[in-house]
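Taking mature numbering (1 follows the signal peptide of the UniProt record, and there is no 0), I'd label the letters of the sequence shown as residues -25 to -1, 1 to 303.
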Amino acid sequence: MRCTTPSIALALGLVLVTLVSQCYGQLSIGYYKDKCWGHNVEEIIFSAVKAEFIKDPTIVAGLIRLQFHDCIVRGCDASVLLDGPKSEKTANPNSSLRGFNVVDAAKAAVEEVCPGVVSCADVLNMAARSAVFLAGGKWYYVETGRRDGVVSQVEEALANLPSENLPVRDAVHLFASRGLSKEDFVVLLGGHTVGFTHCEKFDHRLYNFHNTGKPDPRMHTGMLYALKKMCPKDGSGAHNKVYFEYNPKKHYHFDNGYYKQLLVNQGKLEIDANIGRSPLTNSIVKKLAYSPDYFVNRFGSAMVNLGRVGVLTGNQGEIRRSCRAVNH
């Protein structure tokens, strides 16, 4: 069953937070082991992700983000995968989501050998894990047994997805409302190490930080100069791609470089800069920056914790035949 608590308005600006508590007692490692006639579901999904990774390594960040955007709204029920004129994926914060095609391919491959058994929610969680591993992260065990939701509403996505400018204290409260710790929050942001953003998401920090008409004074001078060249003041580069990792040779390598950059004021998004400085999170950032092994190990457990949020199990929901549509 899905466990939820009543919706409340938290002090998060205009963000309406629907609280989703943990309900993962029926999830287990190896749930599909004896349910698919000897076929290894996790290997099938890994192969599908690997095929896309070889063509496009940026898919790693895409799948991590896709899992987050699914779980943080209604819980990990694959509601973000549903098509529809007013589904979650039509919300503006979801307009740049990527990885739907990979989930489709993985689901289709699984359906060929094990029809009607493996949920799209589980496929997404296992696909994200495969992507992390392919980029050099550590393999972690994904609990499975989720079922798929049948509701997907644009309004819920708009109300619950955090913005890149959310204050740290509010972000910590948001994650706590999902049963996620402060450290889970900081560790999950480490997915940025293999990701990219666009100029429009942070150009206010370059030219008009908090309506001052000046750059964010915390930003590293060299990075500010470089970003201004990539993101002109006239907005002509609003959609230009900017990698979080400063070193081009490490754009697709999963490591703790993101945190090292935060300690020298090289965070791109406002939330990046803020977690590096906030007394609530600075010590966590330092721990992750100084210990690469701790980060790669802790990221897996944070993704597992994320994957437990608001799950459907038992007889709730359904096992979709297609991840893009509910069954009829």
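Every residue gets a Cβ at the ideal spot worked out from N, C-alpha and C, and that includes glycine.
Alpha-carbon spacing of residue i relative to residue j, whole angstroms
i, j, result
"Val107", "Asp230", "10 Å"
"Val143", "Gly251", "10 Å"
"Val24", "Arg104", "10 Å"
"Trp114", "Gly59", "34 Å"
"Phe270", "Leu199", "27 Å"
"Phe160", "Val16", "29 Å"
"Lys157", "Gln291", "30 Å"
"Val35", "Glu131", "25 Å"
"Arg193", "Pro254", "15 Å"
"Phe184", "Val239", "19 Å"
"Thr172", "Arg296", "33 Å"
"Leu237", "Asp45", "27 Å"
"His195", "Ala201", "10 Å"
"Asn76", "Pro267", "31 Å"
"Glu18", "Asp9", "14 Å"
"Ala151", "Ile47", "11 Å"
"Pro207", "Asp191", "16 Å"
"Leu155", "Gly5", "23 Å"
"Asn135", "Arg153", "11 Å"
"Ser258", "Leu41", "28 Å"
"Asp145", "Thr33", "29 Å"
"His303", "Ser127", "16 Å"
"Glu86", "Tyr116", "22 Å"
"Ala80", "Val162", "29 Å"
"Asn71", "Gly242", "Checking the sequence, you will find Ser at residue 71 rather than Asn. So the alpha carbons of these two residues sit roughly 20 Å apart."
"Ser211", "Ser276", "40 Å"
"Leu(-14)", "Leu133", "Below a pLDDT of 50, predicted positions are generally treated as unreliable, and Leu(-14), at 32, falls in that range; no measurement from the model is reported."
"Gly197", "Lys203", "10 Å"
"Gly289", "Gly13", "23 Å"
In DSSP terms, what residue i is bridged to
i, result
"His173", "Lys216"
"Ile4", "Glu118"
"Ser297", "Ala300"
"Leu287", "Arg122"
Burial state of residue i, where buried means 16 or more other Cβ atoms lie within 10 Å
i, result
"Pro90", "exposed"
"Tyr218", "buried"
"Val55", "buried"
"Val284", "buried"
"Met205", "exposed"
"Val147", "buried"
"Thr187", "exposed"
"Ala(-17)", "Confidence at Ala(-17) is low in this model, with a pLDDT of 32, below 50, so the placement of that residue is unreliable and no value is reported for it."
"Asn67", "exposed"
"His214", "exposed"
"Asn249", "buried"
"Cys(-3)", "Below a pLDDT of 50, predicted positions are generally treated as unreliable, and Cys(-3), at 46, falls in that range; the measurement from the model is reported next regardless. With 16 or more other Cβ atoms within 10 Å, it is buried."
"Ile29", "exposed"
Nearest-angstrom Cβ-Cβ length linking residue i and residue j, presumed shorter than 8 Å
i, j, result
"Arg122", "Glu293", "6 Å"
"Ala53", "Ser94", "7 Å"
"Ala110", "Val169", "5 Å"
"Ile279", "Glu118", "For the sequence presented, residue 279 should be read as Val rather than Ile. Confirmed, about 6 Å."
"Lys82", "Cys298", "5 Å"
"Val78", "Val98", "6 Å"
"Lys224", "Gly232", "Not quite, the Cβ-Cβ distance comes to about 11 Å (not below 8 Å), so this is no contact."
"Leu43", "Leu281", "One detail in the question is off: residue 43 reads as Phe in this sequence, not Leu. The Cβ separation is near 7 Å, so the contact holds."
Own chain, CB closer than 6 Å to residue i, minus 5 neighbours either side, in chain order
i, result
"residue 388", "Limits of the chain in this structure are -25 at one end and 303 at the other, which puts residue 388 out of reach."
"Arg73", "Gly37"
"Ala96", "Cys51, Asp52, Ala53, Arg121 and Asp123"
"Thr65", "Val129"
"Leu2", "Glu118 and Gly120"
Close-in-space but distant-in-sequence residues of the same chain around residue i (CB under 7 Å, 5 per side omitted)
i, result
"Lys176", "Glu139 and Leu244"
"Asn272", "Lys113"
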